[in-house]
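Residue numbers (the UniProt record's numbering), protein chains in the order written: chain R, 1 to 1003; chain V, 1 to 109.
Below is one structure, written out as structure tokens; the observations come after it.
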Ligand SMILES: [Zn+2]
């Protein structure tokens, strides 16, 4: 069993006990524990189930590489699935639950999947679900839905807060192990601005556990000295619990700080995303131990040898009473020695190397540990926990020499440098055959803006597993990085460590070498996703030669651990199956983040009110106080309608439309885009921007204009007013102001840069109020002596008018078909004018109206709306707006595009009005269909609804739509199939369904 | 995330301050152009694994368009320059050819 030792554990405080729960059961741990070490101290080895076969899964590692020990943490708004127990620091009151099992962790029904192993081989996703087709709905899909994903998505809104930090540094050091500390020190001593980040809660990394002597003192003491020196440097910033998540273009690096995960009561943001610009980055990210591939290597109790050692030395936890060590390199002996020194039973070290190990092996032997060289584990024994191991010769096929009783197997398949961050932005790797790992190729680093290398790897991340070499390497990297950023390293010798005198590793990708199919079929590569040696071999046989394809086919390395343990073993198996060397196979692509980071950290402060700026018109507060139902339009909020009493929104819209048609309505039109175009060449420029002519517009006149892109498709519309000889004011749609302004600037700056034209987006400088309805003139005349008569102020003109004491620019334009003025005042005067007009309008029974009434009014008149009638593939001709497309102009943006054959096709869908025969309102987006069938056997569509409303004026549903050859089909009735299977019969009518002659606006 | 120096305001700008505008130095073809020329203008773009000359706008800054010569593979930047030229200026070409002696761009000599 797993137990807590009475003493020891360099990271825990025996005087500070803590209580936590796992699946509701209360357990005890100590301050300094990880959830994994505390679970093991409570003999909780089985912590989850695998993804595909629901096999029992135990803790396998002690760090970020853990594939199995994923738990849900917290509850409600703080619940988070898929958290690694090995990187979760214990705190008092922590609540954790296991995942991926039903009905309980210990008795899981899904575990029958493991007996289906033979019918769920590699690529089963692609093979099994194809036939018979009927099975999809009733068998396959429910099965996939049930088993898809690990953990449960949180149900509540995230209760925590998050933030972003932006920092610029000369040298960023990622990893606070001994190499990172040494590199940061070497860089810091030059005076360079250094940021040192470490993903765990402790500096020093593995070195204090692995031991050694540096400059005559213990490595632990040496590490403490480095930390103290760094602490004293003002140019160095150090952050624990901060992971280097990703390396990106031009020295951009993301750091992920877990600020309060270990202390939820601390307050402040939970996570921080560090957005770092570093002139040079040093990845001192260490190395990860590889599992060994033997049958039953997934049974709980099989653990990485380094993890067994970590739990004993760091947390005072004995993972087993009897621990069998199996290794192919010297490092495994460190675990045997550490356990033996703690008084624990190590029945044997199984060393695959015929010649055995070096100095560490001798030390183990001198402690009385039995060593078997040239041997292998043929098979791990046990179900939910290891009970023993069958031992055989590594060179054979697995005939068992003996069975050794044990409750823990500590395995070491060698170490792989953590090259993820090096690789994220283009750093290349080389295969180091002597050490059997990929390491960064210093000749091909990630490059910066000047083509210079901007990332250096240091220490074991650079392949320097030996302490002495790692320290020298890190010292060099720190000095070089600082030098590259303009600082001068002082002379001095790097620290010196005693070298261990290790024997070389023997690459072992299958144990034993000649393992048969039965053994290989129980030999796991990817523990979370249940990918076995036989799966990868099958993929190779089926022709998957690329490692990227094999990954997708088998799901090797696609789990939440992203193959940190499985990748190298998997591609070694693939290489062997393909009969090629490992470097010829290569690795899959390393992509950020290194381990998953929270969505909250990515969002940072950008949520709720801060998600995006809210633009308010000068009348915003009045709307808010007077029953506005808001509608978001771009970053603006516009009133959709104003609710009075217990009206429904539909009631309110009907009241507002009726008031406008019968008497008077006021609309806040301030959000409308307003762009000044000015200069000697402004007229010529606008003639290119608009489909119609603007240069000949008379001063004081207004003209409706259309804007297209070079494809010929409509992108915006609005009224243009000529202000003076060289000034035009272009109104755009509310959503279009910014991008139309950008569109104009693009052409001016990049195509016609010799034209003398200036543009200014003055949208927010003006408040604009639409005064609309038969009493519109009567209202304005109450405030001015200026002549507003039809003769003095005709339709489609503008005029400066003094309303009481305020000078306003008034446009006589209409988007409703009524007598209508748009009153523009400086933004600061908008609210005052709005108040005065409203007070004066009371006698006319006027109402304010919102965007929905505006839409109904314009649809009754057949006016198009950008974004409703257009979708980026609609031309002015499609909307029967040919009158607004100049034939005289030899050029405008979109003219050539509109000449293309497909855009001139007479069978294009064109604008019509639509009326249901029964008067009901058509659903938005509904399609018209004929009885003809297309190649897929579907009914052929001939049109669609683009706008649809209930018209209070006509007291029936009205709609606009695009219909094939529509304008030639007036009066025809066509079918609109509904989602419920019924069919709506709809008559094609004129788009102008109210006041066709336009008498109401011309009074 | 790239960084480019805006040649107008001199700011070394993060990509979040910029918006990409696609290939630089396209020649506009208008109403009298052939179908082939117009298609080329609208749709045909270089897609090099290597040096690319492209348009950027300092949208969250001074608002100006500019050009950049950049390697799409290594992200090396050979320089930024005015949007108001029809081909990369000599110093930019020299900077590119120092690293890529055989570099060519469309029909530019
Ligand atoms: Zn700029």
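Heads up, the beta-carbon is just placed ideally off N, CA and C, and yes, glycines get one too.
In this text the structure is predicted, and so the values were computed from the model without any measurement.
Taking Cβ positions, are residue i and residue j nearer each other than 9 Å?
i: residue 1001 of chain R; j: residue 795 of chain R; result: yes
i: residue 837 of chain R; j: residue 788 of chain R; result: no
i: residue 289 of chain R; j: residue 61 of chain R; result: yes
i: residue 86 of chain R; j: residue 3 of chain R; result: no
i: residue 192 of chain R; j: residue 481 of chain R; result: yes
i: residue 294 of chain R; j: residue 377 of chain R; result: yes
i: residue 740 of chain R; j: residue 666 of chain R; result: no
i: residue 162 of chain R; j: residue 424 of chain R; result: no
i: residue 22 of chain R; j: residue 104 of chain R; result: no
i: residue 895 of chain R; j: residue 712 of chain R; result: yes
i: residue 331 of chain R; j: residue 359 of chain R; result: no
i: residue 723 of chain R; j: residue 676 of chain R; result: yes
i: residue 312 of chain R; j: residue 273 of chain R; result: no
i: residue 684 of chain R; j: residue 755 of chain R; result: yes
For residue i, does the count of other Cβ atoms within 10 angstroms reach 16, so buried, or fall short, so exposed?
i: residue 758 of chain R; result: exposed
i: residue 761 of chain R; result: buried
i: residue 200 of chain R; result: buried
i: residue 691 of chain R; result: buried
i: residue 790 of chain R; result: exposed
i: residue 569 of chain R; result: buried
i: residue 152 of chain R; result: exposed
i: residue 545 of chain R; result: exposed
i: residue 366 of chain R; result: exposed
i: residue 648 of chain R; result: exposed
Which partner residues of residue i appear in the DSSP bridge assignment?
i: residue 20 of chain R; result: R:27
i: residue 761 of chain R; result: R:675
i: residue 707 of chain R; result: R:690 and R:716
i: residue 783 of chain R; result: BP columns for residue 783 of chain R are empty, so no partner.
i: residue 961 of chain R; result: R:912 and R:945
i: residue 379 of chain R; result: R:295 and R:390
i: residue 73 of chain R; result: R:80 and R:96
i: residue 405 of chain R; result: R:388
For a contact defined as C-beta to C-beta under 8 Å, what are the partners of residue i on chain R?
i: residue 101 of chain V; result: Residues of chain R passing the Cβ test: none, with the nearest at roughly 15 Å.
i: residue 7 of chain V; result: Chain R residues near residue 7 of chain V: none, gap ~12 Å exceeds 8 Å.
i: residue 69 of chain V; result: The contacting residues do not exist; residue 69 of chain V stays about 12 Å from chain R at best.
i: residue 55 of chain V; result: 750
At a CB-CB cut-off below 7 Å, which residues of chain V make contact with residue i?
i: residue 746 of chain R; result: 65
i: residue 451 of chain R; result: 74, 76 and 99
i: residue 447 of chain R; result: 74, 75 and 76
i: residue 755 of chain R; result: Those do not exist, as residue 755 of chain R stays about 12 Å from chain V at its closest Cβ, beyond 7 Å.
i: residue 249 of chain R; result: 1, 2 and 75
Does ligand 1 have a heavy atom nearer than 8 Å to the CB of residue i?
i: residue 58 of chain V; result: yes
i: residue 698 of chain R; result: no
i: residue 13 of chain V; result: yes
i: residue 994 of chain R; result: no
i: residue 64 of chain V; result: yes
i: residue 61 of chain V; result: yes
i: residue 81 of chain V; result: no
List the residues of chain V whose Cβ lies closer than 9 Å to the Cβ of residue i, in chain order.
i: residue 891 of chain R; result: 30, 31 and 32
i: residue 1008 of chain R; result: Shown here, chain R extends from 1 to 1003; a query on residue 1008 of chain R therefore has no answer.
Check the Cβ of residue i against every Cβ in chain R and list those closer than 7 Å, keeping chain order.
i: residue 83 of chain V; result: 749 and 750
Taking Cβ-Cβ distances shorter than 8 Å, what residues in chain V pair up with residue i?
i: residue 899 of chain R; result: 31
i: residue 939 of chain R; result: Neighbours of residue 939 of chain R on chain V: none; closest Cβ ~32 Å, over 8 Å.
i: residue 895 of chain R; result: 30 and 31
List, in chain order, every chain C residue whose beta-carbon is nearer than 7 Å to that of residue i.
i: residue 710 of chain R; result: Structure shown: chain C not included; protein chains present are R and V.
Cβ of residue i within 8 Å of any heavy atom in ligand 3?
i: residue 8 of chain V; result: Questions concerning ligand 3 fall outside what the structure shown contains, since the ligands it does hold are ligand 1.
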